[in-house]
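In the working numbering, the protein residues as written are 3 to 194. First comes the structure, then the notes that go with it.
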Amino acid sequence: MNPATGIILAGGKSTRMKTDKAFLKLGPKTMIEELVSKLEKKFSKLMIIANDKERYSRFDMQVIEDIIPDKGPLGGIYTGLVKSDSFYNFIFSCDAPFVNPDLIDYMISKAKDFDIVVPKWQDRFEPLHAIYSKDCIEAIESQLGKNELKVTNCLQYVKVRVINEKEISRFVSSQPFFANINTPQDLYMLSQ
Numbered sequence: 003m004n005p006a007t008g009i010i011l012a013g014g015k016s017t018r019m020k021t022d023k024a025f026l027k028l029g030p031k032t033m034i035e036e037l038v039s040k041l042e043k044k045f046s047k048l049m050i051i052a053n054d055k056e057r058y059s060r061f062d063m064q065v066i067e068d069i070i071p072d073k074g075p076l077g078g079i080y081t082g083l084v085k086s087d088s089f090y091n092f093i094f095s096c097d098a099p100f101v102n103p104d105l106i107d108y109m110i111s112k113a114k115d116f117d118i119v120v121p122k123w124q125d126r127f128e129p130l131h132a133i134y135s136k137d138c139i140e141a142i143e144s145q146l147g148k149n150e151l152k153v154t155n156c157l158q159y160v161k162v163r164v165i166n167e168k169e170i171s172r173f174v175s176s177q178p179f180f181a182n183i184n185t186p187q188d189l190y191m192l193s194q
């Protein structure tokens, strides 16, 4: 098991999908069930950050509401870091249910001496599939105070280890790996 805590962000408003994405079916399971079943094999500690704790009460893990509401994924990351007992925390989004256990292990092995370990795929950072240390709390707190909510802005304030495409390709070969599901069309395409 990994020494990091796995943190699932499930507090989005799902405005484009018009329904809670975490509970959409992707195959026989909902997206959140699929993600939890994969992450339980990798992390001894898991938590869910959600707007509605009751909806996630059936999961045998800590479910926490945002400390500062309505701050999007950055607020969820902040809440997870503050509430976690672990120094390193792997952030996952409930609408991106694809995980690779070997990539998780590789990223954790690269975390020493860095505040964030983040994949960069096709010239895009993937900050909702990344490791954040507790040393990020102050920088994120400052961002939230200025209502600067773009998650990737945090990268300029802390020590970052980028996992490049060549490294990622050792574990993942297809682009949909980092895909997140925002619309009914996305769900249809990924379920094919």
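C-beta atoms are modelled at their ideal positions from N, C-alpha and C, and glycine is treated no differently.
Taking the CB atoms as reference points, tell me whether residue i and residue j lie closer together than 8 Å.
{"i": "F89", "j": "S135", "result": "yes"}
{"i": "K85", "j": "I165", "result": "no"}
{"i": "P121", "j": "I79", "result": "no"}
{"i": "F94", "j": "I133", "result": "no"}
{"i": "P129", "j": "V153", "result": "yes"}
{"i": "M33", "j": "D97", "result": "yes"}
{"i": "I10", "j": "I69", "result": "no"}
{"i": "I110", "j": "A6", "result": "yes"}
What residue range is occupied by the uninterrupted beta strand (DSSP E) comprising residue i?
{"i": "M49", "result": "F45 to I51"}
Closest by CA to residue i, which one among the options?
{"i": "Q64", "options": "W123, L48, N53 and K161", "result": "L48"}
{"i": "V101", "options": "L37, A141, E56 and D68", "result": "L37"}
{"i": "E56", "options": "F127, V153, L105 and G13", "result": "G13"}
{"i": "V119", "options": "H131, R126 and D125", "result": "H131"}
{"i": "R172", "options": "P71, G29 and P103", "result": "P103"}
{"i": "E167", "options": "D125, L157 and K40", "result": "D125"}
Report the three-state DSSP secondary structure of residue i (helix, strand or coil).
{"i": "V164", "result": "strand"}
{"i": "V38", "result": "helix"}
{"i": "A12", "result": "coil"}
{"i": "F61", "result": "coil"}
{"i": "T17", "result": "Unreliable positioning characterises T17 in this predicted model, as indicated by a pLDDT of 49, which lies under 50. A coordinate reading is not provided."}
{"i": "T7", "result": "strand"}
{"i": "I170", "result": "helix"}
{"i": "F89", "result": "coil"}
{"i": "L26", "result": "coil"}
For residue i, report the span of its alpha helix (DSSP H) as first-last.
{"i": "I79", "result": "G74 to K85"}
Would you say the beta carbon of residue i comes nearer than 7 Å to a heavy atom of the ligand MN?
{"i": "G8", "result": "This structure lacks the ligand MN; in fact it carries no ligand of any kind."}
3 or more residues per run - each beta strand (DSSP E) lying fully within the segment 96-155
118-123 and 131-135
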